[in-house]
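A.B. asks: In the numbering used here, the protein residues as written are 1 to 294.
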């Protein structure tokens, strides 16, 4: 007789480019004969979770692994408005072309994207309607990406209030709840040698963005130049600190069966060109964490 697969509710946390670790987590779970039935994701967790629920993670992975630093910069559509630095529409358009425009209720797996309502000051669970509207809302980091207006609410990144959304899975009837925390403790993490060698090939993403924004500078009181790219980096680092604190509280309150920890210093928010490296890290951490269950 064939042993029944253990069923899983998968919780995918927020953390910018570190979210590509979710790809490796899913690959490891499938190889270890787990069946993922339900997914809840915040921010980058909603991107990977939603695309996986649409059965297009392979297509996305092939695309993401080929991204270089120049590609990442070209995906950032500057808004030049007081509302945000980037509009966030270009990347959503590319994802729609890769995956197709889908309705959440028509996906093969149950999926919930978590966003934050600025009007209600609480989290909103998006589990119906257009997939990429939910993803855009869940990833709208305040000040960095434009908010989404939906059903009379202004929605921004779900990580502000719930960076590791275990709550949407509490009533699931699966065997296990597995959460991926992208705000794990700082480690002496060393990128693989081939990744390290490529770091300076094209200049950092900050330099590329700064060149584009060379005419859009302000002076602070000390006379130092402040660039919008630096402001975005400072903002997401500040949000990272806040989300790390909230994530620890959520994990203590809801205690999933297993937590996959990804160190928060593994890569920075905008380093999407390191997708394959992060996916491999997620794969390795998942195999290690789940050995005891097997």
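Heads up, the beta-carbon is just placed ideally off N, CA and C, and yes, glycines get one too.
If you're wondering where the values come from, they're calculated on a predicted model, not measured in any experiment.
#1: For residue 191 versus residue 274, is the C-beta spacing smaller than 9 Å?
#2: Specify, as a first and last residue, the run of the alpha helix (DSSP H) that residue 132 falls within.
#3: Counting C-beta neighbours from all protein chains within 10 Å, is the total for residue 186 16 or more, i.e. buried, or is it exposed?
#4: Do residue 72 and residue 178 have their C-beta atoms closer together than 9 Å?
#5: Please state the DSSP three-state secondary structure of residue 103.
#6: Might you give, ordered along the chain, the residues of its own chain that have their beta carbon closer than 6 Å to the beta carbon of residue 10, omitting 5 neighbours on each side?
#7: Considering Cα atoms alone, identify which of 48, 259, 161 is closest to residue 241.
#8: Considering only C-alpha positions, which residue in the set 15, 14, 34 is nearest to residue 3?
#9: By a C-beta neighbour count over all protein chains shown, 10 Å radius and 16 as the cutoff for buried, is residue 140 buried or exposed?
#10: Exposed or buried, what is residue 8 when buried is set at 16 or more other beta-carbons lying within 10 Å of its beta-carbon?
#11: Since residue 115 sits in a beta bridge, which residues does DSSP pair it with?
#12: Does the distance from the C-beta atom of residue 49 to that of residue 22 stay below 9 Å?
#13: What are the complete alpha helix (DSSP H) segments, minimum 4 residues, inside the region 35–80?
#14: Using the beta-carbon count (16 or more within 10 Å), is residue 189 buried or exposed?
#15: So what does DSSP say about residue 170, is it helix, strand or coil?
#16: Put residue 11 into one of helix, strand or coil per three-state DSSP.
#17: Could you tell me if residue 121 is buried or exposed, where buried requires 16 or more neighbouring beta carbons within 10 angstroms of its beta carbon?
#18: Does DSSP put residue 262 in a helix, a strand or coil?
C.D. replies: In terms of the structure at hand:
#1: The sequence position of residue 191 within the chain shown is 191, counting from 1. The sequence position of residue 274 within the chain shown is 274, counting from 1. Against a cut-off of 9 Å, the Cβ pair of residue 274 and residue 191 comes out as a contact.
#2: As a working note, residue 132 is residue 132 in the chain shown. Boundaries of the alpha helix (DSSP H) harbouring residue 132: 131–138, taken from the DSSP string.
#3: Taking the chain shown and counting its residues from 1, one reaches residue 186 at position 186. So residue 186 counts as exposed.
#4: Counting from 1 along the chain shown, the entry for residue 72 is found at position 72. Counting from 1 along the chain shown, the entry for residue 178 is found at position 178. Cβ atoms of residue 72 and residue 178: not closer than 9 Å.
#5: Counting from 1 along the chain shown, the entry for residue 103 is found at position 103. Three-state DSSP puts residue 103 in a strand.
#6: Counting from one through the chain shown, the residue named residue 10 turns up at place 10. Excluding sequence neighbours, residue 10 sits near 36, 39, 178.
#7: The count along the chain shown starts at 1 and reaches residue 241 at position 241. For residue 241, the nearest C-alpha among the options comes from 161.
#8: As a first step, residue 3 must be located in the chain shown, where it is residue number 3. A check of alpha carbon separations from residue 3 across 15, 14, 34 identifies 34 as the nearest.
#9: For the purposes of this step, residue 140 is taken as the residue at position 140 of the chain shown. Answer is buried; the Cβ neighbour count reaches 16.
#10: Start at 1 with the first residue of the chain shown, and residue 8 comes out as number 8. Per the 10 Å Cβ criterion, buried.
#11: Your numbering for residue 115 matches position 115 in the chain shown. According to DSSP, residue 115 bridges with 124, 157.
#12: Looking up residue 49 in the chain shown gives position 49. Looking up residue 22 in the chain shown gives position 22. For residue 49 and residue 22, yes; Cβs fall inside 9 Å.
#13: Taking 4 residues as the minimum length, the alpha helix (DSSP H) runs contained wholly in the region 35–80 are 44–53, 57–65, 69–74, in order along the chain.
#14: On the chain shown, residue 189 is found 189 positions in, with the first residue counted as 1. So residue 189 ends up on the exposed side.
#15: By one-based count along the chain shown, residue 170 stands at place 170. Three-state result, residue 170: coil.
#16: Translated into the one-based positions of the chain shown, residue 11 becomes position 11. The DSSP-derived three-state label of residue 11 is strand.
#17: Here residue 121 is taken as the residue at index 121 of the chain shown, counted from 1. A residue is called buried when at least 16 other Cβ atoms come within 10 angstroms of its Cβ; residue 121 does not meet this threshold and is exposed.
#18: The sequence position of residue 262 within the chain shown is 262, counting from 1. Strand at residue 262.
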